[in-house]
Every structure is written in structure tokens, then in C-alpha cells.
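Asker: Take any residue in the sequence shown, note its place counting from 1, add 144, and you have its number in our numbering.
C-beta: ideal position from N, C-alpha, C; glycine also.
One structure follows; several queries about it will come next.
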Amino acid sequence: MGSKVLIVDDEKLMRISLESQLRKEGYDVKSVDNASDGLKIVKSEKCEVVVTDLRLSGMSGMDFLKEIKKHNQDTVVVIMTAYGTLESAVSAIKEGAYDYIAKPFSTDELIIKLQRALHHKNTDAEVNRLRREIQAEFEFCNIIGNSEAMKKVIETVKSVSDRDTTVLIRGESGTGKEKIAGAIHYHSSRRTGPFIRVSCAALNREILESELFGHERGAFTGAVKTRRGRFELADGGSIFLDDVDDIPLDMQVKLLRVLQERTFERVGGEETLCADVRIIGATKKDLLEHVKNGYFREDLYYRLNVVPITIPPLRERKEDLSLLINYFLKKYVSQYEDALPVVSQEVINILLAYNWPGNVRELENVIEHAVAFSKSKGISIETLPEYLRKVDIHTDLLSMDLSDKQMINLQDALTEVEKKLLQWAHQKTNGNQVKMAEILGIPRTTLRNRLIRLQLFEKTLL
Ligand SMILES: Nc1ncnc2c1ncn2[C@@H]1O[C@H](COP(=O)(O)OP(=O)(O)OP(=O)(O)O)[C@@H](O)[C@H]1O
Ligand SMILES: [Mg+2]
């Protein structure tokens, strides 16, 4: 069956002739002589295109148009106008009509308009669908976490998104920096503008400069065409500078100028361009440490760090695990399954004990893996990736992430480990000190002294 077209016109002859000619062309046509009947059809059947006269008895064509758009934005409306009423056609287009056709017109003329309208409808609907899908990804309901730390992150996002404030997001790999950056953009007044991401780590110096600022034709060997940079592409929207710590020192000056004056030039260009963008930076590093070591300009650091957002690693907010696990289960379990699979206690123990160096991304991959191997039978230990099956639920006790540390106080670290081991022994023996001393291989008096020194557990329990 061809595309569904509804014709609304109070001239009977016009209606009949259009209906029969369009039907010959393969369209699925209906026609009525007033807007209220038209609206009933629009609401009950899925019309792709409505061709309507503006001057109708009863509800006016203009009100009809507004009602159609209220009901379904995606319905394409073509307006028929009588000679000399172009003004009203212009108003109709402002109200969301796609096109107009001036009476009298030939059927061929209308068919061309219809074809164009349908093509436009398809691409437009597709763009809208994609846009809705992308926006949904960054809705607050899709940013999971009710730990204090995540609540604070989300609160900050809510309070800064609508201003043009520069934000610097810090967090290990996979903690959700890009997700938070997207949430800031899609909750700002720039949401309909572009959200452009640049990975400063992935590109070498020359490429990065022309990637960010663009270049003029002939600026360097190989620059055969003028090219717009990401700052230009992000015009009216936001730019997300990922791994911003990796920008070489000499280019940091250029970025500083964009932050201060919102101006820049293309590589090899003389014209000064204006950057109407909101800047969101992200880093996995301790940027202040980079400043101290002379790798990062101090002035740029302060310009970027206007609103800092730190996303803690997953191992420091394990209270978020159960919500995240559920969220990813819902995401990966087939929509045809009735209920979410049951996760075994053994699996929960492993997921809780594990250190999650790859953070939320790693957890998402693990759940996807588990769902794929669960075959609707629930999430048991066999469904986990090999490396997790071997996790001793107590080994995590001693693991410590040193990748981001420049210094570590040995005494403090040892005390921390000692505390954790004592807690472990306490848990394992239900606080029985004779057994605790035994499994720790120390005399009972030593154990007591240590417990007192470390102020572990209530004195009355000792
Ligand atoms: N709080 C969260 N709720 C739901 N999904 C999350 C959350 N945090 C991260 N994710 C998901 O985890 C994955 C990794 O997140 P993202 O790409 O934002 O991390 P990142 O910090 O930018 O990582 P990298 O430093 O490696 O670029 C994505 O699929 C993202 O949707
Ligand atoms: Mg990222």
C-alpha cells in the first residue's frame, strides 16, 4: 500500500479529482470537506501527509495545522492557498507546515511536492528518532548511582548545565566522564546545538591543532582544502575536550585564548574567528600535579577548573553496584524476557569484592557477558568472564591502586593494611579473639594491643 495522504478541501470537485488522480499514482488517499473530520482521521489512522486548504468552514486550516502538530510532530502538512494569500502560507510554514502549493495547480505539481515531503518526512523522522535516542542516553534517569559521591556529581551537573560555565571532569577510565559531559550539554540551553568530542590523547600535535582550530588551504603540506576545526563545528553547542592534560604546552596558549576571549585563528589563517561554544574538559590525571611539574599551564588550569567535578572510582562507591547491575541487566536482557535473571549470591560476592580497575565500563561489559552466557537461566558464576571466576572474595582486601599516586606514606599504608586484616579476621571469626589471634598467627595480647592502638571496634567488644 502506498503512503497515506489525507486531503481536506471544501470544494467537492477539487477533492474528487485529486483523490482519483493520486490514487492512480499509488497513494492511499482519503478526503474530507472539513477540519474536524480531518482531525478524527489524523488521530485514528497514521497519515503521513495532510494536504489542506487554509480557508475552511468550521475549524480554520491554521487551527487544524496546529492540532495536527500537537497530535504528531512528524505528520507532514502541505498547505493549499488561493491566489493572493501568500501571507497566510508564510504564517502556516512558521507554524510547522512543510510546504505550500498555490491554487490552481496541476496534479504533477502536487505529486512532486508530495514526493519531496515524504522524503523529507523520512529523513526528518530518522534524525528526530536518533536525536531522541541520544538525548535519552544522557537523561538523569540513565545516570545511575545513589552513593553520596554520585548524588553530589548529579547535583552539580543540574546546577551548572544551564550556564555556560566551563567544567572540568576528573575520573579514572570508565567512570562516566563522557556521560556526565553529555548530560551537561543535553540539559543546557545549547542542547539542540552540536556536542563535539575531541580526544586530545589520540592525536599527535600537528593533527590536534588543525583538528581543534581547522586549517587554511596550503597551511602545510597536504592541506589541499580549507578545513573547519572542531571549535567551528561545535558552534552554538558544546565541545568536550577529553584527556585535556595531553594538549602540548605550546598549544595550551591557543586554548587559553579561546577560554579567555572566545577567539582563535585556523592554522595558517589570518581571520580571527569567534567560538560560541561551551567548553567541558576531562582528565584521568591529577592536573594540578601536572601544573607543578611544568607540563600544564597554571593559568589554563584555573580557566578550565571553574567548576570541577570528580567522579570517584567504582571501588570507592560500591553501594552503587546493585543499582548499576540492575540497570545493565535491563539493558542487555532481551526485551522478550519477562523478568530479570536472578543473580546468585556467589556472583554478588565476587562483584562486591572485585576492585573494578575499569570502573563502570568494565562492569557493563561483565554484565553483558553474563547475560549472553546465562541462556535465561540466571546469572551464575559460570556466566562471568574467566578472570572474574577466579577472584577470591578476600583478595581485594590488600589491593591498592597506585597508578595515580606520586607519593605514598609507608606508615599510613601499612596501618591501613593492618586495619583491613584485623577487620577481616574479626568478620571471619565473629569477633572471637582467640581464633582471631590464631588465624593471624600472633599472640592474643599483641592482638589486643593492636586493636586498642588502631581504635578498632568498640572497647566493650574487646
Ligand atoms: N553512572 C552511570 N550510569 C550508567 N551508565 C554509566 C555510568 N557511568 C558510566 N556509565 C557507562 O559506562 C561506560 C563508560 O562511560 P564513559 O565513556 O562516560 O567513561 P569515561 O570516564 O569517559 O571513560 P574513558 O576515560 O575511558 O574515556 C558507558 O557505556 C557509560 O554509558
Ligand atoms: Mg571518555
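For K603, is the classification buried or exposed, using 16 other Cβ atoms within 10 angstroms of its Cβ as the cut-off for buried?
Answerer: Low local confidence applies: a pLDDT of 46 at K603 is under 50, so the model's placement there is unreliable, with the coordinate-based value given in what follows. It is exposed - the Cβ of K603 has fewer than 16 other Cβ atoms within 10 Å.
Asker: Assign L192 to one of two classes, buried (16 or more other C-beta atoms within 10 Å of its C-beta) or exposed (fewer than that).
Answerer: Note on identity: in this sequence residue 192 is Glu, with Leu being the wrong assignment. Buried: at least 16 other Cβ atoms inside 10 Å.
Asker: Counting Cβ pairs closer than 8 Å, one from the segment 374–388 and one from the segment 338–345, do we hit at least three?
Answerer: Put simply, the segment 374–388 touches the segment 338–345. At least three CB pairs are less than 8 Å apart.
Asker: Please find out if some non-hydrogen atom of ligand 1 comes closer than 7 Å to the beta-carbon of T319.
Answerer: yes
Asker: Which of the three DSSP states is assigned to R341 in this structure?
Answerer: strand
Asker: Going along the chain, which residues of its own chain have a beta-carbon closer than 8 Å to the beta-carbon of L606, five neighbours each way excluded?
Answerer: Residue placement at L606 is flagged as unreliable, the pLDDT there being 41, under the threshold of 50; a coordinate-derived value is accordingly withheld.
Asker: Over what stretch of residues does the beta strand (DSSP E) that includes R260 continue unbroken?
Answerer: It is not in any beta strand (DSSP E) - R260 instead sits in the alpha helix (DSSP H) that spans 251–281.
Asker: Mind pulling the beta strand (DSSP E) runs of 3 or more residues that sit fully within the segment 441–482?
Answerer: 451–454
Asker: Does at least one heavy atom of ligand 2 sit under 7 Å from the Cβ of D386?
Answerer: yes
Asker: If you reduce the DSSP assignment to three classes, tell me which class E512 lands in.
Answerer: helix
Asker: Under 8 Å by Cβ, that's how I've got A246 and L198 pegged, so tell me the actual separation to the nearest angstrom.
Answerer: Not quite, the Cβ-Cβ distance comes to about 11 Å (not below 8 Å), so this is no contact.
Asker: If you run the structure through DSSP and keep just helix, strand and coil, what is C285?
Answerer: helix
Asker: Determine the direct distance from the alpha carbon of A497 to that of I583, and round the result to whole angstroms.
Answerer: Distance between the alpha carbons of I583 and A497 is about 21 Å.
Asker: How far does the beta strand (DSSP E) with Y244 in it extend, from its first residue to its last?
Answerer: 243–246
Asker: CA-CA distance, I91 and G381?
Answerer: Look at the range of the chain in this structure, 145 to 606, and you will see that residue 91 is not part of it.
Asker: Which one or two residues does DSSP pair with T196 in a beta bridge?
Answerer: T196 pairs with V152, I223.
Asker: Quick one: what does DSSP say L528 is sitting in, helix, strand or coil?
Answerer: coil
Asker: The alpha helix (DSSP H) with E415 in it runs from where to where?
Answerer: Premise fails: E415 is in no alpha helix (DSSP H) and is neither H nor E.
Asker: Rounding to the nearest angstrom, what Cα-Cα distance links L150 and S161 in this structure?
Answerer: 14 Å
Asker: Short check: CB of N286 to CB of D464, under 8 Å?
Answerer: no
Asker: Which one of V487, M551, Y242 has the shortest CA to CA distance from K521?
Answerer: K521 has its Cα closest to that of V487, out of V487, M551, Y242.
Asker: With a Cβ-Cβ cutoff of 8 Å, do G315 and K321 count as a contact?
Answerer: yes
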